[in-house]
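Data block below; observations after.
Numbering (UniProt numbering), first residue to last: 1 to 389.
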C-alpha cells in the first residue's frame, strides 16, 4: 500500500459507519442545538438528529429570542421527529408563555418519559403547568424549577409519575402538599430550594414512596417557629435531610427505613431548640442500618441507641468535647465507623494555633503501635510535628 492509500485509510470516517441507534445514543448526551448541527456533515447525517430520543433546549446563551423560538418550533413540530425519552426546557427570556405551553404539549404528544422544566419570569407572571402534562400517561420523571402554579384536576393527575424533583423559592404549604398528594405511584421525591419567612406545614403522604430527599436553605439566621414536615410513607427506605436550620420532622409508618443521611446544622450559632429537634429526628430513625450524620456541636446531641446500625459516618463541625466511646456503647451491632473532624476551633491562648495538646484516656494499643499508625496518615503540613507524651 502506497503512502497516499495509507493516509486515506487513516482518514476514513469510522464514526459515520456506526449504526443509527449508536449514533443517536451518542448524540443524546449533547444539547439539541449541537445535535441539529450534525445534519450538515453529510447525507448520512442529514436526518439522524430527528431520531435522537432526548431534546435539550436552553436560551441561556441565546441573544436572538426570535431565532430561539423558531428553532424550537422547527424541531418540536417537525414531521420527521420520533418519540421523546427526555425533554429538557430551560427558559429565562421567553415572555409569552403560550410558546412554552405548546412546546410542552408537543413533547407530551410524542410520549415524553422524562420532563425537566425551568421557566423563569419577571416575578409578575406566574407560569401555569399545562393540563396535558398533569394527566400524561407516559411521564415517569418530572423536574420543576419554576415560578409556577398548578390547577390539578380532581382525578387522574400524574398517573405514572415515579420520580419528582421540585426546586422551590418561598413555597406555599398547601401547594406543595397538594402536588405531592396527587402523585399516587411516586417512589422518589426530592425537595430543594429556599424557604421564606412564613412557617411551612407540609404533609408528605405517599403510599409507594421509597426515597425522600429534603435540602432546604433559610433566608435568615434568626430562628422563629420551625417548619414542620409530616411524613407518612410505609415503604420508605432512604431519607436524606440537609437544612441549615432544622425543621420538625414526624415520621409515621417508617419501619421500612434502612438508610438515612442527616445534616443537622451548618450554622454554629444555632443551638438549643435546633438540637432538640435533631434529637427527636434521631429517635425517629433509630432503627436504620446505615446512617450518615453531619452536625455542629455534637456534644449537644442526645443520641439514642441504634440497635440495628451496622455502618455509621459522623462528620463533626466545631465540636469542643464529645464522648465517642460512650456513644459507641449504644451501637451494639456496628461494623463500620468513619469519624471526620471538619473544623477544630482553638482560641483564647497565646500563640494561637502553634501548639495543641490532646488528652486521651486509656489507649487500646501501645504507643509504638499508635505512632506507626499515625505516621501512615496523609500529611497536611510539612512542618507539623507530633510528640507522644
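Don't be surprised by glycine CBs; every beta carbon is placed ideally from N, CA and C.
Note that the coordinates shown come from a computational prediction; the quantities given were computed from them, not determined experimentally.
Check, Outcome
"Return the first residue and the last residue of the alpha helix (DSSP H) that residue 74 is part of.", "65-76"
"Whose C-alpha, out of 195, 164, 91, is nearest the C-alpha of residue 172?", "195"
"With C-beta atoms as the reference, is residue 72 less than 8 Å away from residue 87?", "no"
"Mark residue 60 as exposed unless 16 or more other C-beta atoms lie within 10 angstroms of its C-beta, in which case mark it buried.", "exposed"
"Can you tell me where the alpha helix (DSSP H) holding residue 251 begins and where it ends?", "Premise fails: residue 251 lies in the beta strand (DSSP E), 248-252, not in any alpha helix (DSSP H)."
"State the start and end residues of the unbroken beta strand (DSSP E) segment that holds residue 105.", "Not the beta strand (DSSP E): residue 105 falls in the alpha helix (DSSP H), residues 97-109."
"Taking the alpha carbon of residue 226 as the point to measure from, which residue in 26, 246, 115 has its own alpha carbon closest?", "246"
"Can you say whether residue 406 is buried or exposed, counting buried as having 16 or more other CB atoms within 10 angstroms of its CB?", "Here the chain covers residues 1 to 389 and nothing more, so residue 406 does not appear."
"Kindly indicate the opening and closing residues of the alpha helix (DSSP H) around residue 327.", "324-328"
"Using C-beta distances below 6 Å, list every residue in its chain close to residue 238, excluding the 5 sequence neighbours before and after it, in chain order.", "211, 259"
"Are three or more beta carbon pairs between the segment 162-169 and the segment 130-138 nearer than 8 Å?", "no"
"For the candidate residues 280, 243, 294, whose alpha-carbon lies nearest to that of residue 316?", "294"
"Provide the residue span of the beta strand (DSSP E) that contains residue 262, from first to last.", "259-263"
"In angstroms, rounded to a whole number, what distance separates the CA positions of residue 217 and residue 170?", "10 Å"
"Assign residue 157 to buried or exposed, taking buried as 16 or more other Cβ atoms, counted over all protein chains shown, within 10 Å of its Cβ.", "buried"
"Going along the chain, which residues of its own chain have a beta-carbon closer than 8 Å to the beta-carbon of residue 69, five neighbours each way excluded?", "94, 99"
"For the beta strand (DSSP E) that residue 371 lies in, which residues bound it at each end?", "Counting along the chain, residue 371 falls outside any beta strand (DSSP E), though it belongs to the alpha helix (DSSP H) covering 367-374."
"In the DSSP assignment, find the alpha helix (DSSP H) that holds residue 181 and state where it starts and stops.", "173-181"
"Using CA atoms only, rank isn't needed, just tell me which of 387, 185, 174, 183 is closest to residue 203.", "174"
"Return helix, strand or coil for residue 303, following the three-state DSSP convention.", "coil"
"Provide the residue span of the beta strand (DSSP E) that contains residue 312, from first to last.", "311-317"
"Sort 209, 285, 90 by Cα distance to residue 235 and report the nearest one.", "209"
"Compute the Euclidean distance between the alpha carbons of residue 278 and residue 378, then round it to the nearest angstrom.", "33 Å"
"Taking residue 52 as the reference, which of 75, 62, 64 has the closest Cα?", "75"
"Under the assumption that residue 91 contacts residue 130 (Cβ atoms under 8 Å), give the Cβ distance between them as a whole number of angstroms.", "Not quite, the Cβ-Cβ distance comes to about 14 Å (not below 8 Å), so this is no contact."
"Should residue 469 go down as buried or exposed, given a rule of 16 or more other Cβ atoms within 10 Å for buried?", "The displayed coordinates of the chain run from 1 to 389. Any statement about residue 469 would go beyond what the structure contains."
"By the 10 Å Cβ neighbour count, where 16 or more other Cβ atoms means buried, how is residue 176 classified, buried or exposed?", "buried"
"Residue 169 by DSSP, collapsed to three states: which one?", "strand"
"Using DSSP with H/G/I as helix, E/B as strand and the rest coil, what is residue 131?", "helix"
"Report back the beta-carbon spacing between residue 249 and residue 296 to the nearest angstrom; my notes put them in contact at under 8 Å.", "Incorrect: roughly 18 Å between the Cβ atoms, too far for contact."
"Using a Cβ-Cβ cutoff of less than 6 Å, which residues in the same chain neighbour residue 261 once the five nearest sequence positions on both sides are dropped?", "240, 292"
"Assuming the contact rule is C-beta atoms closer than 8 Å, residue 340 and residue 310 should be a hit. Round their C-beta distance to whole Å, please.", "Wrong, their Cβ atoms sit about 19 Å apart, outside the cutoff."
"Given a threshold of 16 other Cβ atoms within 10 Å of its Cβ, counted over all protein chains shown, does residue 14 qualify as buried or as exposed?", "exposed"
"Just to confirm, are residue 199 and residue 180 a CB contact at a threshold of 8 Å?", "no"
"So, using beta-carbon positions, are residue 142 and residue 168 closer together than 8 Å?", "no"
"How should residue 374 be labelled, buried or exposed, when 16 other C-beta atoms within 10 angstroms of its C-beta is the threshold for buried?", "exposed"
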